Amino acid sequence: MPASYALPVQKHSVKAGVAAVLSLALLGAGLSGCGDPQSMAQAQEGPPAQQATPVETVMLEEASVELAQTLSGRASAYRIAEIRPQVTGLIEERIFTEGEEVTAGDPLYRIENTDYRAALDSAAASLARAQATADVTRQQAARFERLVENNAVSQQQYDEAVAAARQAEADVAMQQAALKTARTNLDRAIIRAPIDGQIGRSTVTEGALVTQNQAQALATVHQLDPVYVDLTTSSSDLLAWRRQMAEGRMAATGEGKIPVTITLEDGTVYDREGELEFTEVSIDDRAGTVVIRATVPNPDNYILPGSFVRASLPVGEYENAILAPQAAVQRTPKGEAFAYVVSPEGTAEQRMLTVEAARTGDWIVTSGLSEGEELIVSGLMMLRPGAPVAVASDAAPQQGGPSGAGPNAAN
Numbered sequence: 001m002p003a004s005y006a007l008p009v010q011k012h013s014v015k016a017g018v019a020a021v022l023s024l025a026l027l028g029a030g031l032s033g034c035g036d037p038q039s040m041a042q043a044q045e046g047p048p049a050q051q052a053t054p055v056e057t058v059m060l061e062e063a064s065v066e067l068a069q070t071l072s073g074r075a076s077a078y079r080i081a082e083i084r085p086q087v088t089g090l091i092e093e094r095i096f097t098e099g100e101e102v103t104a105g106d107p108l109y110r111i112e113n114t115d116y117r118a119a120l121d122s123a124a125a126s127l128a129r130a131q132a133t134a135d136v137t138r139q140q141a142a143r144f145e146r147l148v149e150n151n152a153v154s155q156q157q158y159d160e161a162v163a164a165a166r167q168a169e170a171d172v173a174m175q176q177a178a179l180k181t182a183r184t185n186l187d188r189a190i191i192r193a194p195i196d197g198q199i200g201r202s203t204v205t206e207g208a209l210v211t212q213n214q215a216q217a218l219a220t221v222h223q224l225d226p227v228y229v230d231l232t233t234s235s236s237d238l239l240a241w242r243r244q245m246a247e248g249r250m251a252a253t254g255e256g257k258i259p260v261t262i263t264l265e266d267g268t269v270y271d272r273e274g275e276l277e278f279t280e281v282s283i284d285d286r287a288g289t290v291v292i293r294a295t296v297p298n299p300d301n302y303i304l305p306g307s308f309v310r311a312s313l314p315v316g317e318y319e320n321a322i323l324a325p326q327a328a329v330q331r332t333p334k335g336e337a338f339a340y341v342v343s344p345e346g347t348a349e350q351r352m353l354t355v356e357a358a359r360t361g362d363w364i365v366t367s368g369l370s371e372g373e374e375l376i377v378s379g380l381m382m383l384r385p386g387a388p389v390a391v392a393s394d395a396a397p398q399q400g401g402p403s404g405a406g407p408n409a410a411n
């Protein structure tokens, strides 16, 4: 049986391999430690700080902001009088010039009056006859009064004389009324202007036959100074104004006349200020609107009936409100308004706002912002809550003043 041989085991060779691996690892660490010192410092400090976003801000101030509402409407004449004849006859003369100013009482038309003058003369004669008869019966009743005391005439004769005298007096009164009617008809043969104003075109000429109280008007007189402006607003807006004033969020304008500023069709502001007269007591159930009427001075007849105008009227006042530029206010997907202010730590702080109305490029903010805070107005797309900001420049402070828009602009 052949002898078996065992190979010798090299224990020292395993230890030597482990030592070699450790030596290589230490060598790599030493080489890496001999790198750039700046890189080593950055590795010890951690990731770099977030860069500040340059922004512009405005300093906020509280103010009492007058709120105005701009409404559209049309002008109408202050008074309108349609000229119609009150007697029948032929037009003998047209006295006025179409389009001119007339005064109440000015003659406009003359109707041929021969028949009416004759009727007046007849009524006067009838009155004279009635008066003569009344004188005779009155004297006879007086004589019978003395005779009846002496039993010269009977009581019945006296009573009949007294009754005849009274009847004669009634006839006199009746003839006086007839004379007055005849004189009135004669006067009405001249048709006069019932009001002051501007007269329009005539619908008849000389020789036309007109009848008493006919349907067709001979002409129309419009009184244009002052002029009415009828404005229309929604009943919901009117209700909102009243509710805000009742809750104290909007101060009332007082019990005096409310001024109205008129803007004409070409965009120019009328140089005379009107006054609010009344609000319709009922709501149009089909459109849900309410009519508001204003009176505007119009001495030069500059505003004509039917003209389209816009009127701005104060509807209240917000006290201790903040005016925020519209560019600084953003909206959430749900439509909630928010803005950013600079926090004491120099970061962007998000504020949820209550916006009541618009005012010429600004929002009227009643909660969410405070006086003295810096509102961020630029660089908004790069901002996030808590992000550092660097204020580049400050704009002018926001102050209150007369309003040029109403609650509808905030929607």
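Here the sequence shown stands for residues 1 to 411, where the numbers follow full-length UniProt numbering. We treat Cβ as the ideally placed atom computed from N, Cα and C, and that holds for glycine. Quick caveat, the model's predicted, so the values are computed rather than measured.
Open item on the list: Beta-carbon within less than 7 angstroms of residue 277's beta-carbon, same chain only, minus the 5 sequence neighbours each way: which residues are those?
Closed with: Locating residue 277 in the sequence shown gives position 277, where the first residue counts as 1. Within its own chain, the residues whose Cβ lies closer than 7 angstroms to the Cβ of residue 277, once the five positions on either side in sequence are excluded, are 293, 294, 295, listed in chain order.
- [ ] Could you tell me the distance, in whole angstroms, from the CA atom of residue 203 to the CA atom of residue 217?
- [x] Looking up residue 203 in the sequence shown gives position 203. Looking up residue 217 in the sequence shown gives position 217. Roughly 7 angstroms between the two C-alpha positions.
Open item on the list: I'd like to check one pair, residue 261 with residue 343: are the Cβ atoms closer than 7 angstroms?
Closed with: For the purposes of this step, residue 343 is identified with residue 343 of the sequence shown, where counting begins at 1. For the purposes of this step, residue 261 is identified with residue 261 of the sequence shown, where counting begins at 1. Contact check for residue 343 against residue 261 fails: the beta carbons are separated by 7 angstroms or more.
TODO: Could you check if residue 359 is buried or exposed, using at least 16 other CB atoms within 10 Å of its CB as the buried criterion?
DONE: By one-based count along the sequence shown, residue 359 stands at place 359. When all chains shown are included, residue 359 counts as buried.
- [ ] Go to residue 320, then tell me how far its beta strand (DSSP E) extends in each direction, as first and last residue.
- [x] Locating residue 320 in the sequence shown gives position 320, where the first residue counts as 1. Segment 308-325, the beta strand (DSSP E) holding residue 320.
Open item on the list: Based on DSSP bridge pairs, tell me the residues matched to residue 72.
Closed with: For this step, residue 72 is matched to residue 72 along the sequence shown. Beta-bridge pairing by DSSP links residue 72 to 310.
- [ ] For residue 226, I'd like the list of residues in its chain whose CB is within less than 8 angstroms of its CB, leaving aside the five on either flank, ordered along the chain.
- [x] In the sequence shown, counting from the first residue as 1, residue 226 sits at position 226. Excluding positions up to five away in sequence, the list reads 78, 274, 295, 296, 297, 298.
Task: Runs of alpha helix (DSSP H) wholly within the stretch 203-273 (minimum 4 residues, chain order) - done: Those alpha helix (DSSP H) runs which fall completely within the stretch 203-273 and span 4+ residues are 235-246.
Open item on the list: Suppose you measure from the CA of residue 124 to the CA of residue 88; what does that come to, to the nearest Å?
Closed with: In the sequence shown, counting from the first residue as 1, residue 124 sits at position 124. In the sequence shown, counting from the first residue as 1, residue 88 sits at position 88. Distance between the alpha carbons of residue 124 and residue 88 is about 21 angstroms.
Task: Selected residue, minimal CA-CA separation from residue 357, among 52, 66, 61, 180 - done: Position 357 of the sequence shown, counted from the start, is the residue given in the question as residue 357. Of 52, 66, 61, 180, the residue nearest in Cα terms is 66.
Task: Of the listed residues 121, 320, 229, nearest to residue 186 (C-alpha basis) - done: Counting from one through the sequence shown, the residue named residue 186 turns up at place 186. Checked all of 121, 320, 229; the closest Cα to residue 186 is 121.
- [ ] Report buried or exposed for residue 316, applying the criterion of at least 16 other Cβ atoms within 10 angstroms of its Cβ.
- [x] Sequence index remark: in the sequence shown, residue 316 carries index 316 (1-based). Residue 316 is buried by the Cβ-count criterion.
TODO: Return the first residue and the last residue of the beta strand (DSSP E) that residue 340 is part of.
DONE: Counting from 1 along the sequence shown, the entry for residue 340 is found at position 340. Element bounds for residue 340: 337-342.
- [ ] Could you pull out every unbroken alpha helix (DSSP H) segment of at least 4 residues lying fully inside the stretch 92-154, listed in chain order?
- [x] Counting whole runs of 4 or more residues, the stretch 92-154 contains the alpha helix (DSSP H) stretches 114-149.
- [ ] Please go through the same chain and pick out, in chain order, the residues whose beta-carbon is closer than 8 angstroms to the beta-carbon of residue 352, but skip the five residues on each side of it.
- [x] Here residue 352 corresponds to residue number 352 of the sequence shown, with the count starting at 1. Residues of the same chain with a CB within less than 8 angstroms of the CB of residue 352, apart from the 5 flanking positions on each side, are 336, 337, 338, 368 in chain order.
Task: Buried or exposed (CB count within 10 angstroms, at least 16 for buried), residue 239 - done: One-based indexing of the sequence shown puts residue 239 at position 239. Counting of Cβ neighbours within 10 angstroms places residue 239 among the exposed residues, the total staying below 16.
Task: Same chain, Cβ closer than 6 angstroms to residue 164, five either side skipped, listed in chain order - done: To locate residue 164, count along the sequence shown from 1; it is residue 164. If we look at residue 164 and ignore the five residues flanking it on each side, its Cβ neighbours are 137.
Open item on the list: Does the contact criterion of 3 or more C-beta pairs under 8 angstroms hold for the stretch 94-114 versus the stretch 188-196?
Closed with: By the Cβ criterion, the stretch 94-114 is in contact with the stretch 188-196, since at least three pairs of Cβ atoms, one from each stretch, lie closer than 8 angstroms.
TODO: Check residue 58 in the structure and name its three-state DSSP category.
DONE: Along the sequence shown, read from residue 1 onward, the residue named residue 58 stands at position 58. Residue 58 falls in the strand class under three-state DSSP.
Task: Residue range of the beta strand (DSSP E) that includes residue 293 - done: For the purposes of this step, residue 293 is taken as the residue at position 293 of the sequence shown. Per DSSP, residue 293 is one residue of the beta strand (DSSP E) stretching across 289-296.
Open item on the list: So, for residue 233: in the same chain, excluding its five sequence neighbours on each side, which residues have a beta-carbon less than 8 angstroms away from its beta-carbon?
Closed with: Taking the first residue of the sequence shown as position 1, residue 233 is located at position 233. Residues of the same chain with a CB within less than 8 angstroms of the CB of residue 233, apart from the 5 flanking positions on each side, are 69, 71, 289, 290, 292 in chain order.
Task: Beta-carbon proximity of residue 324 to residue 365, cut-off 7 angstroms - done: As a position in the sequence shown, residue 324 is number 324, starting the count at 1. As a position in the sequence shown, residue 365 is number 365, starting the count at 1. Yes, Cβ-Cβ distance for residue 324 and residue 365 is below 7 angstroms.
Open item on the list: Taking its Cβ as the centre, do 16 or more other Cβ atoms sit within 10 Å of residue 308, making it buried, or is it exposed?
Closed with: Taking the first residue of the sequence shown as position 1, residue 308 is located at position 308. With fewer than 16 other Cβ atoms within 10 Å, it is exposed.
Open item on the list: Am I right that residue 303 and residue 75 are in contact with their C-beta atoms under 8 angstroms? What's the rounded C-beta distance?
Closed with: For the purposes of this step, residue 303 is taken as the residue at position 303 of the sequence shown. For the purposes of this step, residue 75 is taken as the residue at position 75 of the sequence shown. Rounded to whole angstroms, the Cβ separation of residue 303 and residue 75 is 5 angstroms, and the two are in contact under 8 angstroms.
Task: For residue 300, the three-state DSSP class (helix, strand or coil) - done: Looking up residue 300 in the sequence shown gives position 300. Reduced to three states, the DSSP call for residue 300 is coil.
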